[in-house]
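J.:
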């Protein structure tokens with residue numbers, strides 16, 4: 005029955021580590037009644053093909069807003085007020101034809117309801133959400149959801165597969181209803197849903213939480229995106245389901261050379277998933293490093309404090325769990341100087357509360373925003 | 481599902497019997513009966529022969545029999561399709577209601593169609609463009625519609641159309657068509673009169689619906705599945721109509737059943753009285769005032785049946801549009 009290849013997109017090896025997304029000094033502000041909240045303030049990062057970048061931080065630190073800014077889906081009254089998001093795009097048609105010609109799109113300049121961003125959303129950059137329980141429209145089946153994504157974004161060669169050997173295929177068509185259903189069943193099988201031929205006709209309320217998140221992943225990956233944004237995808241799930249979902253994501257990433265932007269506040273999850281980690285605090289990026297460097301050699305006092313607040317098993321159990329002193333500041337009245345200074349154990353009076361730290365490099369691909377590391 | 485349907489119909493039957501009995505009791509409660517009123521009237525006119533007629537009439541209408549016997553007689557005849565005779569009109573109830581039923585249905589359908597076609601798009605617009613100028617204007621008008629009784633609006637429209645525009649807007653037909661056989665001209669004449677009650681119920685009826693639609697949709701638009709749909713690359717319009725409105729509209733289906741079907745029988749009686757519409761509403765109100773028991777009772781029973789049928793239809797529709805409440 006399977007006439008559609010599981011993966012169509014094969015990328016040339018030299019292409020595997022090219023930059024996909026470049027965020028430069030991104031600023032997102034929310035103009036609310038009480039004033040202006042700087043949800044994201046000067047974020048800089050890049051994501052390469054096939055790479056997993058983790059973003060961690062407390063609730064409200066701007067992680068999710070960053071993800072939505074990339075897709076140009078910042079909720080009202082939020083606005084991108086500065087910076088750039090560049091997307092190095094290989095258009096779908098060219099990619100299918102085997103070309104790796106990159107065009108640069110400035111996502112921040114696109115019309116958020118326009119044609120181009122809608123092709124990218126879901127088709128080239130897909131997203132899965134924190135709440136699998138309510139991320140599927142209750143009145144449509146799993147199959148309908150996948151069909152919706154696939155019929156918008158996936159193209160099939162106009163001629164039969166056998167012709168590929170003889171001549172290059174340059175024309176594509178959208179998938180038909182039957183093919184979309186076939187893809188849906190295939191995808192459900194790949195994300196490990198039992199009896200996919202029956203489950204494809206299940207409504208969301210007939211699926212468990214873990215199954216719904218699998219369906220969400222199936223929807224997201226059914227269009228073979230270049231990047232997946234996962235916004236706390238396992239927060240609402242129990243631990244054993246969490247492990248399964250993470251396994252599926254890793255497995256599918258390897259076969260498709262897909263980049264993942266993984267947003268979480270769970271340090272354990274991020275350690276097992278990410279290549280590189282960005283730590284955010286109150287809209288600012290405070291540290292960025294490879295996963296090993298960050299866990300074994302954290303620089304920023306906030307990162308250190310975060311790592312200490314993870315419960316550990318071993319000889320030292322019985323000690324009180326370390327916590328970060330003080331409270332998250334009111335986003336409308338951020339502290340002067342370094343925003344972390346009121347809670348910082350390494351606080352230097354007269355310095356940290358006056359000067360805003362810069363983004364400095366402290367090692368190989370290891371950046372930090374802290375006055376301790378500035379000359 | 482079939483079991484459920486049969487059970488629901490069973491409950492409905494019991495309900496109709498109970499309602500018909502209780503309504504009969506309530507109509508009976510005020511002292512006297514139709515004939516005491518009639519005698520008063522005749523006496524006031526100085527007609528002395530009436531007193532002699534009364535006993536004869538009382539026997540003819542069975543008013544001399546005990547209450548229970550009268551009720552049972554009427555109920556059994558009702559099942560045979562004989563709804564009894566109206567005291568006031570001295571004609572069978574079925575004749576009186578039958579003549580008016582057609583117009584009542586036309587009016588109910590026209591106003592419902594008008595109201596819903598207006599309310600849903602306006603509610604959706606109001607929610608999607610929350611706090612915009614358009615939303616504010618729609619909100620103000622819908623609050624006025626909610627607050628203003630229909631008969632008052634009918635009076636205002638009457639006043640302006642007669643005094644200012646010199647238009648005849650009462651009734652459903654112009655005098656020359658009233659008793660004429662059906663023709664294209666008569667239909668056009670009907671349509672030219674129909675807009676007044678339709679407009680009135682559009683203003684008074686849409687207000688609530690617009691607010692409900694707006695509120696539901698605002699709730700739904702904040703749901704994660706709407707954001708997820710947008711993240712799939714769907715057009716804004718598709719996201720709103722296919723994902724958000726589709727969910728937000730479900731509660732309105734219940735309202736449809738609970739309001740539209742009963743309105744087929746009584747409609748908005750007060751508006752109908754003011755505008756002199758030949759619908760069942762005014763007759764029903766009048767029959768209650770004059771203790772015209774069989775006429776009033778028949779109206780109430782049909783009203784109950786329509787309400788129950790409406791609820792059943794709404795529940796079935798809801799199960800059809802929303803898989804979450806489908807019964808196994």
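Residue numbers (this note's numbering), protein chains in the order written: chain A, 5 to 379; chain B, 481 to 808. Where is the CB? At the ideal position from N, CA and C, for every residue including glycine.
1) Residues in its own chain within less than 6 Å of residue 781 (chain B) by CB, not counting five upstream and five downstream?
2) Under 8 Å by Cβ, that's how I've got residue 132 (chain A) and residue 220 (chain A) pegged, so tell me the actual separation to the nearest angstrom.
3) Under the three-state reduction of DSSP, which class applies to residue 352 (chain A): helix, strand or coil?
4) Using a Cβ-Cβ cut-off of less than 7 Å, list which residues of the segment 137-162 of chain A approach chain B; keep chain order.
5) I'd like to confirm the pairing. Which residues does DSSP put opposite residue 23 (chain A) in its beta bridges?
6) By DSSP's criteria, residue 34 (chain A) is part of a beta bridge. Which residues make up the other side?
7) Check each residue of the segment 203-226 of chain A: if its Cβ is closer than 8 Å to any Cβ of chain B, include it; give the result in chain order.
8) So, residue 716 (chain B) versus residue 115 (chain A), is the Cβ gap smaller than 8 Å?
9) Tell whether a beta-carbon distance below 8 Å holds between residue 127 (chain A) and residue 278 (chain A).
10) Below 6 Å CB to CB, which residues in the same chain sit around residue 507 (chain B) once its five sequence neighbours on both sides are set aside?
11) Output the distance between the C-alpha atoms of residue 360 (chain A) and residue 341 (chain A), rounded to the nearest integer angstrom.
12) Kindly indicate if chain A contains any beta-carbon less than 8 Å away from that of residue 613 (chain B).
13) Cα separation between residue 39 (chain A) and residue 353 (chain A)?
14) Counting along the chain, where does the alpha helix (DSSP H) carrying residue 649 (chain B) start and finish?
15) Would you decide whether residue 536 (chain B) is buried or exposed? Buried here means 16 or more other CB atoms lie within 10 Å of its CB.
16) Need the endpoints of the beta strand (DSSP E) that residue 289 (chain A) sits in, please.
17) Under a CB-based cut-off of 8 Å, is residue 696 (chain B) close to chain A?
18) Output needed in chain order: residues of the segment 103-132 of chain A with a Cβ under 7 Å from some Cβ in chain B.
19) Are there three or more Cβ pairs, one per stretch, closer than 8 Å when the segment 670-683 of chain B is compared with the segment 780-795 of chain B?
20) With DSSP run on the structure shown, which of helix, strand or coil describes residue 135 (chain A)?
21) Using a Cβ-Cβ distance under 8 Å, would residue 795 (chain B) count as near chain A?
22) Give the DSSP-derived three-state secondary structure of residue 263 (chain A) in the structure shown.
23) How about residue 731 (chain B) and residue 690 (chain B): are their beta carbons less than 8 Å apart?
24) Who are the neighbours of residue 673 (chain B) on chain A, taking C-beta pairs under 8 Å?
25) Please report the distance separating the alpha-carbon of residue 225 (chain A) from that of residue 299 (chain A).
26) Going by the beta-carbon positions, is the gap between residue 315 (chain A) and residue 308 (chain A) smaller than 8 Å?
27) Along the chain, where does the alpha helix (DSSP H) containing residue 235 (chain A) start, and where does it finish?
28) So residue 703 (chain B) contacts chain A; which residues on that side make the cut at Cβ distance below 8 Å?
29) List the residues of chain B that residue 75 (chain A) touches, going by C-beta distances under 9 Å, in chain order.
30) Would you kindly report the start and end of the unbroken beta strand (DSSP E) that includes residue 371 (chain A)?
31) Please go through the same chain and pick out, in chain order, the residues whose beta-carbon is closer than 6 Å to the beta-carbon of residue 542 (chain B), but skip the five residues on each side of it.
32) I need the straight-line Cα distance from residue 491 (chain B) to residue 788 (chain B), nearest angstrom please.
33) Are the C-beta of residue 714 (chain B) and some C-beta of chain A separated by less than 8 Å?
34) Would you mind telling me which residues of chain A sit closer than 9 Å to residue 802 (chain B), beta carbon to beta carbon, in chain order?
35) List the residues of chain B that residue 135 (chain A) touches, going by C-beta distances under 7 Å, in chain order.
36) Would you tell me roughly how many angstroms separate the C-alpha atoms of residue 809 (chain B) and residue 579 (chain B), rounded to the nearest one?
T.: Here's the rundown:
1) 500
2) 5 Å
3) coil
4) 138, 139, 140, 141, 142, 143, 152, 153, 156, 157
5) A:52
6) A:41, A:82
7) 207, 209, 220, 223
8) no
9) no
10) 773, 776
11) 4 Å
12) no
13) 28 Å
14) Premise fails: residue 649 (chain B) is in no alpha helix (DSSP H) and is neither H nor E.
15) exposed
16) 288-294
17) no
18) 117, 122, 123, 125, 126, 127, 131
19) no
20) coil
21) no
22) strand
23) no
24) Those do not exist, as residue 673 (chain B) stays about 41 Å from chain A at its closest Cβ, beyond 8 Å.
25) 30 Å
26) no
27) From DSSP, residue 235 (chain A) is part of no alpha helix (DSSP H) but of the beta strand (DSSP E) over 231-235.
28) 138
29) 710, 711
30) 370-372
31) 550
32) 9 Å
33) yes
34) 142, 143
35) 704
36) What is shown of chain B runs 481 to 808, which leaves residue 809 (chain B) out entirely.
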